[in-house]
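J.: Dumping the structure here so I can ask a few things about it.
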Amino acid sequence: MPLSEHEQRMLEQIESALYAEDPKFASSVRGGRLRSTSSRRRLQAAALFVLGLFLLVAGIAAPVKPGGFPIISLIGFIVMFGAGVLLLLGSTKSIAKNSRAGGDTPSGGPGGSSGRGRQRKSGGFSDRMEDRFRRRFEQE
Numbered sequence: 719m720p721l722s723e724h725e726q727r728m729l730e731q732i733e734s735a736l737y738a739e740d741p742k743f744a745s746s747v748r749g750g751r752l753r754s755t756s757s758r759r760r761l762q763a764a765a766l767f768v769l770g771l772f773l774l775v776a777g778i779a780a781p782v783k784p785g786g787f788p789i790i791s792l793i794g795f796i797v798m799f800g801a802g803v804l805l806l807l808g809s810t811k812s813i814a815k816n817s818r819a820g821g822d823t824p825s826g827g828p829g830g831s832s833g834r835g836r837q838r839k840s841g842g843f844s845d846r847m848e849d850r851f852r853r854r855f856e857q858e
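Per the working numbering, numbering of the sequence shown is gapless, rising by one per residue and ending at 858.
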């Protein structure tokens with residue numbers, strides 16, 4: 719379903735505000751760097767998973783089992799588990815790293831609202847963007 723004219727204008731305003739406030743992050747999102755990093759991580763994780771699967775099967779089929787325990791299969795399982803962790807954590811790290819590239823400041827200004835220095839907000843990226851959007855319209 720296409721956007722209405724009003725929604726299209728609002729989207730353009732939000733995009734221009736994002737470019738004005740954090741051009742480095744906006745260009746990284748528009749440039750597709752997040753997707754290339756994510757696809758590279760997926761490829762690495764898939765290759766590790768296949769290697770782990772091969773080791774798992776080879777450990778079961780191998781006649782050498784020290785102490786009656788298939789140690790090669792255990793190593794294969796650990797490699798497969800590591801591939802899953804790489805897939806899950808690798809993409810979130812790259813997104814978080816790119817969202818912090820602009821050097822966010824707390825909502826209370828340079829000194830913070832509590833007087834204890836700089837403190838990170840507990841909210842996620844979307845909460846920070848909503849706060850910025852609200853502050854921008856409160857200033858007008």
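Glycine is no exception: its CB is placed at the ideal position from the N, C-alpha and C atoms.
Start and end of the alpha helix (DSSP H) containing Met673?
T.: As displayed, the chain neither begins before 719 nor continues past 858, which places residue 673 out of reach and without an answer.
J.: Would you report the Cα separation of Leu773 and Gly794, rounded to the nearest angstrom?
T.: Approximately 4 Å, taken between the alpha carbons.
J.: Quick check: Leu761 and Val797, are their CB atoms within less than 8 Å of each other?
T.: Not in contact: Leu761 and Val797 (Cβ atoms no closer than 8 Å).
J.: Using three-state DSSP, classify Phe787 as helix, strand or coil.
T.: Note: Phe787 maps to coil in three-state DSSP.
J.: Closest to Phe851 by CA distance: which of Ser722, Gln726 and Leu736 is it?
T.: Out of Ser722, Gln726 and Leu736, Leu736 has the C-alpha closest to the C-alpha of Phe851.
J.: Does the beta-carbon distance from Ala801 to Gly770 come in below 8 Å?
T.: Their beta carbons are under 8 Å apart, which means Ala801 touches Gly770 by this criterion.
J.: By how many angstroms is the C-alpha of His724 removed from the C-alpha of Ala738?
T.: For Ala738 and His724, the distance between alpha carbons rounds to 21 Å.
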